[in-house]
Amino acid sequence: MDRSQKADLVDELKRVFTETSVVVVTRNLGLTVAQSTDLRLKMRDAGAQFKVAKNRLALIALDGSRYQPIGELLKGPTALATSGDPVAAAKVAVDFAKTTDRFEIVGGAMGDTLLDAAGIKALAALPSLDELRATIIGLVQAPASKIARTVNEPGAQLARIFAAYAAKEAA
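Straight run, no breaks: the sequence shown in my numbering ends on number 175.
So, in structure tokens, the structure goes:
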């Protein structure tokens, strides 16, 4: 990798660190190409990214960013999982780590807050942004449906009473 490619990679990492909500630092202990491809696809499906970068270049990109505290985690063969959704990258990384012993969660950060491996696992246990939105929409719609049912219920009761009288008269 020549100097211009390294500068481009540092610029791209700086951009990622400004746009992301969470960074998960993982350690790759010899994943196969198929496993790595599978992980990248799962990350992409969840709206996250998985990037292997040289630690030295990642440290340069972290300098001055809010994720600077994760610099101390960048030792050995590491990779970075990032996402705009604070839960997506953590969820996929933790789920993938359960399937293989060649991939481990080192830690990460959410904004200025440094998280250890247990913190990332706790973050992964939270509902995703889409799940929270669906819950809120359900809570907002529930009162409206209850109101509509309450308003319609007296009319339905009257209709049943008239039907019963009509059936009684016909008999």
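The beta-carbon is built from N, C-alpha and C at its ideal position, and this holds for glycine as well.
Of the residues assessed, Y169 falls on the exposed side of the cut-off, its CB having fewer than 16 other CB atoms within 10 angstroms. Closest in alpha carbon position to R31, among P81, A11 and T41, is P81. Following the DSSP letters along the chain, one finds S87 inside the beta strand (DSSP E) bounded by residues T82 to S87. Comparing alpha-carbon positions, the option among A94, D99 and N59 lying closest to I124 turns out to be A94. Collapsing the DSSP output to three states places L118 in a strand. By alpha-carbon distance to Q53, the top candidate from A85, E23, K10 and V28 is A85. For T36, there is no enclosing alpha helix (DSSP H), as DSSP marks it with neither H nor E.
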